[in-house]
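Note that the protein sequences, when read in sequence, are chains A and B. Counting from 1 along the first sequence, just add 639 to a position and that's the residue number in the numbering used here. Counting from 1 along the second sequence, just add 639 to a position and that's the residue number in the numbering used here. Ideal placement from N, C-alpha and C gives every residue a C-beta, glycine not left out. Take a look at the structure set out below.
Number of protein chains: 2
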Amino acid sequence: MNIMNNTVKNTFHNLPEQKRDMIVQAAVKEFASKGYQKASVNAIARELGIAKGSLYQYFANKEALFLHVFETFTTLVRESVKKRVSSAGGRDFFILTRKVLMAGIDFIDRHPEYFQLYLRVLFELDVPRREELVAKVRLFSGEYFGPICEQAQKGGQIRKDIQPQMVIFILDAMMDRFLQAYAEPYLDGGLGLSVKSGRELADAVDSVMQVLQDGLSV
Amino acid sequence: MNIMNNTVKNTFHNLPEQKRDMIVQAAVKEFASKGYQKASVNAIARELGIAKGSLYQYFANKEALFLHVFETFTTLVRESVKKRVSSAGGRDFFILTRKVLMAGIDFIDRHPEYFQLYLRVLFELDVPRREELVAKVRLFSGEYFGPICEQAQKGGQIRKDIQPQMVIFILDAMMDRFLQAYAEPYLDGGLGLSVKSGRELADAVDSVMQVLQDGLSV
DNA sequence: GTGTATTATGACCACCTGGTCACACTATGA
DNA sequence: TCATAGTGTGACCAGGTGGTCATAATACAC
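As structure tokens, then:
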């Protein structure tokens with residue numbers, strides 16, 4: 640996991656944890672708000688109040704810094720989902736997907752910058768190793784949801800006249816878009832997800848899940 | 640419609656149509672493949688084989704060029720949908736949405752660069768007047784789908800225990816993602832939409848629409 | 001206190017950007 | 001044929017970029 644192409648130098652690992660966190664935090668903020676290309680190493684150094692040369696003492700180049708930041712994101716998201724979902728072990732398929740969706744909302748609440756970073760990677764074409772990074776997160780819906788879907792289909796919870804991959808696609812699409820709308824208000828088409836109270840938000844989640852359930856079951 | 644902030648200069652309108660098309664074509668290609676910020680006016684001029692100064696004789700600045708390009712996109716998409724959808728006048732709600740989806744696929748087939756441009760505007764935060772531009776296209780789902788949804792809800796085609804805006808959101812989300820997956824294969828989670836034959840593609844559309852219909856009706 | 005290894009620094013580099021402008025070119029009309 | 005108006009041009013500008021490197025500061029061992 641931490642091979643990192645040895646582009647992250649030892650000097651960085653030798654740093655006190657607090658300073659490392661500061662650096663990653665500043666970097667994720669810059670990358671999330673500007674995107675990879677427009678993000679400026681100068682700006683990150685300025686924000687941190689350190690010399691640019693120092694950053695290049697920690698990381699081989701801009702790309703290495705970015706990849707490290709994204710790496711911390713993926714570990715963060717995996718931990719979050721695992722913690723939030725696997726806790727209560729409901730076997731019901733739709734209860735599970737509902738939990739994943741709620742975990743996503745929770746993640747955005749806790750780490751909005753990281754989610755925005757993810758969106759940038761998703762939709763900026765000139766991000767280094769973009770497909771690889773996207774795949775790392777998508778692995779989620781593929782590897783994680785895949786078997787669960789199949790099982791639910793065999794178990795009779797999901798209709799059988801539809802490709803398993805299509806089920807995953809539909810779930811993934813709805814959940815992804817829901818989260819995007821939550822994180823980026825202009826995407827929700829007037830639903831106002833991001834300003835809803837916890838109660839209203841839960842209702843919205845229920846609405847979506849209900850439609851999916853009715854559409855996917857039988 | 641063509642007020643354009645007078646940032647498009649007369650010299651451009653005076654150009655022979657063929658040359659204007661060439662310029663727009665080169666610009667959309669550059670903006671679509673690089674995104675607004677990284678797109679280079681130099682590169683566009685180079686591609687066209689004309690001097691950069693000429694471009695600035697046609698447009699006040701990079702932003703004006705970009706806005707003009709996007710303008711041609713919006714008119715293009717409106718024409719396409721209108722032509723494709725309004726022709727056969729089925730009143731059935733789900734048949735209509737299916738037609739809109741097929742029109743989207745058709746548009747991507749015909750103008751892949753324009754669709755990619757749209758995706759960039761959608762997901763790059765530092766595009767000039769981004770929200771305004773997105774709204775122009777979203778108007779589609781809002782103004783166009785809105786009344787249709789309400790009517791379908793009153794007419795009993797769509798369940799009434801769900802907010803009309805939520806119906807629009809769900810439709811919009813699914814269709815948008817479907818088209819994105821069709822245009823950008825890495826988004827489809829292994830479905831392989833973009834390489835499907837016409838028959839298989841139609842089947843995929845049917846699958847999605849069937850789930851939506853079953854989920855939204857009653 | 002001295003010497004050595006590690007880290008911090010910012011001036012500097014080559015390169016590219018969006019945008020300008022004085023000048024060259026061309027077409028038109030008299 | 002000449003003058004004028006409109007168009008094309010590319011060297012040039014200031015500003016920003018990612019990246020380098022000689023030097024300064026520091027930490028640590030003895």
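By DSSP, does V598(B) sit in helix, in strand, or in coil?
Since the first residue of chain B shown is 640 and the last is 857, residue 598(B) is not available in this structure.
Using Cβ-Cβ distances below 9 angstroms, what residues of the segment 754–767 of chain A are close to chain B?
Within the segment 754–767 of chain A, the residues whose Cβ lies closer than 9 angstroms to some Cβ of chain B are Q755, L758, R759, L761, F762, E763, L764, D765, listed in chain order.
C-alpha distance - R768(B) paired with I797(A), whole-angstrom precision:
R768(B) and I797(A): Cα-Cα distance of roughly 43 angstroms.
Using a Cβ-Cβ cutoff of less than 6 angstroms, which residues in the same chain neighbour A665(A) once the five nearest sequence positions on both sides are dropped?
I683, E686, L687.
Can you tell me the Cα-Cα spacing of E752(A) and V716(A), whole angstroms?
Distance between the alpha carbons of E752(A) and V716(A) is about 12 angstroms.
To the nearest angstrom, how far is it from the Cα of P824(B) to the Cα of A812(B)?
Distance between the alpha carbons of P824(B) and A812(B) is about 17 angstroms.
Is G828(B) close to chain A? Criterion is C-beta to C-beta, closer than 8 angstroms.
Against chain A, the CB of G828(B) has a partner CB under 8 angstroms away; the residue lies at that interface.
Could you spell out where the alpha helix (DSSP H) holding A678(B) opens and where it closes?
Looking at the DSSP string, A678(B) is not in any alpha helix (DSSP H), and its letter there is neither H nor E.
Using a Cβ-Cβ cutoff of less than 7 angstroms, which residues in the same chain neighbour M661(B) once the five nearest sequence positions on both sides are dropped?
Answer for M661(B): L687, listed in chain order.
I'd like to know whether the C-beta atoms of Q804(B) and G854(A) end up nearer to each other than 8 angstroms.
No; because the gap between Cβ atoms is not below 8 angstroms, this pair is not in contact.
Helix, strand or coil: which one does DSSP assign to V647(A)?
Under the three-state reduction of DSSP output, V647(A) falls in the strand class.
Return no unless some Cβ of chain A is closer than 8 angstroms to the Cβ of E770(B).
So, interface residue.
Would the segment 841–850 of chain B and the segment 838–846 of chain A be scored as touching if the rule is three or more Cβ pairs under 8 angstroms?
Short answer: they don't touch.
Pop quiz: S622(B) and A742(B) are said to be a contact at Cβ under 8 angstroms. What is the actual Cβ separation, rounded to whole angstroms?
What is shown of chain B runs 640 to 857, which leaves residue 622(B) out entirely.
Among K701(B), I809(B), D745(B), nearest to K722(B) - alpha-carbon criterion
It is D745(B).
Quick check for students: name the residue ranges of the alpha helix (DSSP H) that lie wholly in the segment 699–783 of chain B, counting only runs of 4 or more.
Fully enclosed alpha helix (DSSP H) runs of 4 or longer: 701–725, 732–749, 751–762, 769–778.
Range covered by the alpha helix (DSSP H) that runs through Y697(B):
Annotation: the continuous alpha helix (DSSP H) that includes Y697(B) extends over 691–697.
Which residue wins for smallest C-alpha separation from Q790(A), given the options Q819(A), F732(A), S833(A)?
Per the Cα distances, F732(A).
Just the C-alpha distance for V773(A) and T736(A), rounded to the nearest angstrom, thanks.
Computed Cα separation, rounded: 20 angstroms.
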